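If you want my numbering, it's the 1-based position in the sequence shown plus 432.
Every residue gets a Cβ at the ideal spot worked out from N, C-alpha and C, and that includes glycine.
Quick caveat, the model's predicted, so the values are computed rather than measured.
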Amino acid sequence: MTAPVPYAGDAAILAGDSAAPGPYLWKNVVIKGGGFVTGIVMSPVLPGLRFVRTDVGGAYRYDPAGGRWVPLTDWAGHDDANLYGIESIAADPVDPNRVYLAAGEYLTAGNGSILSSTDMGQTWTRNNISAPMGGNVDGRSMGERLAIDPNLTSTLYFGSRNAGLWKSTDFALTWTQVSGFPTTGATNGGAGSGNSAGTGYGLTFVVFDPKSGTPGRPTPAIYVGVGVTTGNALYRTIDAGASWEAVAGQPAGMMPHHAVLDGCGNLYLTYNNGSGPNGITSGAVWRYEMASGAWTDTKVPHPGGGFGGIAADAAHPGTLIVTTIDFWSPGEIFRSTNGGVSWVALLSVAQRDVAGANWLWWHGTSLPAAGWMGDVEIDPFDPGRALYITGQGIWSSDDVMAADTGAATHWTFADDGLEETVVLDLASPPAGALLLSGVGDIAGFRHDDLDVSPPAGMFSNPVFGNTTSLDFAELAPAIVVRVGTSSSSGGKCGAYSADGGTTWTPFAKAPAGSTCSGSIAVSADGKTFVWAPKGGTPSYSQDNGTTWIACTGISAGTMVAADRVNPAKFYASGRNGIYASTDGGANFAQVTASPSGRPRPVFGIEGDVWDATNTGLLHSQDSAATFARVPQVSGATAVGFGMPAAGQSYPAVYLAGSVNAVWGTYRSDDAGVTWQRIDDQSHQFGYINCLTGDQRRYGRVYLGTGGRGIRYGDPR
């Protein structure tokens, strides 16, 4: 860590979405957060320039003028959805225009990519590297694995999870494995040297010591962490990578998560007995004196769990801040101004402001625990400002130095623009709420204003972990049902609302053998519920879930839907085809053996059903007895319907799929005869899990993404 040297050029931080406009204007339905921000990177040369990475939602750059985060990877579409897991970020320490992303969500998806930008992330070049990545894998808050040589910025190193150490000497265009590096770490997730089944931690960070070299020449001293708890877990080179050695005297029995230089010749490291963000039961913060080789346990107060991120104040050498990780009561931040000789706890006496993200209260009287505090950073240009990450988003303080005089610090949930949720279901009724959503990890929401996080917070009574399915009665839209995973052991996992999703009543019981979640549908008149849980007996109820009667003809895990006109008709899909019921869900019979996705009946027309599948789009006009394949469409993940175009009687059809061999989001105003693409090269949002149109506003569509929250679009 060295004092920052401000950039002398004319670089400016771009405000908002600077991409060329497409046929639709896209915005997020505002929730404010909801996902794991896995790392923070501050530019050491341009004040206000900062980046964050997420596990499933891509990367963001902060816009100081707008006070919000700007997404940088929305250009990645369906075929590039794996790029939304960001393994690491590197910001150039000389030229603020240059930034790099190591992108790859899952190791099983094959090699990741190193994305390079020369305009702060406005545009990207995709560079190949023979290393799988795990942006949404255990150990994802470690790092940074990607690092730039501060003395020779054309050189970068990347510490991979299962393919060793890699090096580029041409600004990330090409990569070569460092053959002399002595280990790949635990490549299959084990903490030791064996090949136990798991996810792979590999190499956890790369840190350059800039003071060991001179500008224009490779930095001699580099440190690399390894995700193992047996054997050597920290290596270094003092000859710019020509040779490597294990650092002598290093702590045993723990793996290093983060490392930071303090400007005084010391390297500080957080160590833990696991990879995180879960499963850590012990940890420590160690100081390594690089000149003498001496190690010191700084004895940070250890309330439980371990330690996540650590940062040093560039303006005040010896001033440090460290977060706990996997300490859930409720999580703590410690600050030292004397090189770790003593520490002061911040959060236990801090004042916190959710800044309108009322869902963070989880309908309780105190903010819940934040155990996934895997990274923290101090602004190199403002030592009073610090940011830390959680599984819900990012918190920021502008007065952390107040703790040095015994005063309380103040923290704000700083997630404006950073919408990272996995959306599992959407519904836009013809009256009442504009949108009802089922969301992973944070239940779901009723939105009456798309641009405001709902003041009432998430759905309650009960609060689900995941809302896997919801539905409203087409002819009585105040009746809404939802099912999901209970947020507490033994809790209810189904509920109904009689006021459009404002208040809820839990089902008195669940179907026989139910393991919760699954899918649910409500008849067009609101009098019958059909629930096919993930495990257990698909059943129907005509008394608001007080009793459930087994359905015949379908099995657990099928996806059910209600005809939008005839209350007696329901549809279901499973591995063997599509099924229909004409007696209120009591009995289902297979009506087609066609490969099936999720049946989607059209509002206003009895028996009109669409089915998006991985091989195409199917359409039935006879209550699913027969399906016709829609020409031009060769694959789809979701289909939905909205208000018809002027002069048309059939609803607008919206599709996430491949039309004429081009994957995108489309609208048809003539029942699928022709299609107009409504997304564009800069706005594709990865994998679309679900979508729906708006019945009250022509052209509006809501997209439920696999990590970018709920996007809604209107024609320009």
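Backbone CA spacing between residue i and residue j [nearest angstrom]
| i | j | result |
| --- | --- | --- |
| G864 | Y1144 | 18 Å |
| I826 | I518 | 16 Å |
| H795 | H1115 | 34 Å |
| V461 | T899 | 17 Å |
| A1021 | T1047 | 24 Å |
| T978 | R482 | 52 Å |
| T651 | G1139 | 37 Å |
| G1089 | F613 | 44 Å |
| G1136 | D857 | 7 Å |
| D512 | R1032 | 26 Å |
| Y1011 | A1025 | 9 Å |
| T853 | G950 | 19 Å |
| G1036 | H842 | 53 Å |
| A744 | S724 | 20 Å |
| T470 | T984 | 46 Å |
| W1095 | V1065 | 9 Å |
| V473 | E809 | 8 Å |
| V1091 | R996 | 27 Å |
| W718 | N594 | 26 Å |
Beta-carbon proximity check, residue i vs residue j, cutoff 8 Å
| i | j | result |
| --- | --- | --- |
| G536 | N514 | yes |
| V884 | V913 | no |
| V1041 | A1056 | yes |
| T1069 | N1121 | yes |
| G968 | A908 | no |
| Y633 | S707 | yes |
| P733 | A777 | yes |
| G1125 | P1147 | no |
| G737 | T713 | yes |
| Y532 | S548 | yes |
| T1045 | S1052 | no |
| V488 | G467 | yes |
| L504 | Y492 | yes |
| S520 | A534 | yes |
As assigned by DSSP and simplified to three states, the class of residue i
| i | result |
| --- | --- |
| T934 | coil |
| H748 | coil |
| P812 | coil |
| W793 | helix |
| P438 | coil |
| A674 | coil |
| A541 | helix |
| L856 | strand |
| K643 | helix |
| T470 | strand |
| T1024 | strand |
| S592 | coil |
| L481 | coil |
| H510 | helix |
| S901 | strand |
| D1043 | strand |
| V832 | helix |
| L515 | helix |
| S949 | coil |
| S780 | helix |
| T755 | strand |
Cβ-heavy atom distance, residue i to the ligand HEM, below 7 Å
| i | result |
| --- | --- |
| P861 | The ligand HEM is absent from the structure shown, which contains no ligand whatsoever. |
Residue environment, residue i, which counts as buried when at least 16 other CB atoms sit within 10 Å
| i | result |
| --- | --- |
| N560 | exposed |
| S611 | exposed |
| N710 | exposed |
| R1128 | exposed |
| T540 | exposed |
| G922 | exposed |
| D1015 | exposed |
| R530 | buried |
| A905 | buried |
| Q824 | buried |
| W760 | exposed |
| P965 | buried |
| N770 | exposed |
Cβ contact check for the region 590-603 and the region 827-835: 3 or more pairs under 8 Å: no
Three or more C-beta pairs below 8 Å linking the region 442-457 and the region 803-813: no
Validate contact between the region 1100-1117 and the region 491-502 using beta carbons, cut 8 Å, 3 pairs: no
The region 451-458 contacting the region 1084-1091, beta-carbon criterion three pairs below 8 Å: no
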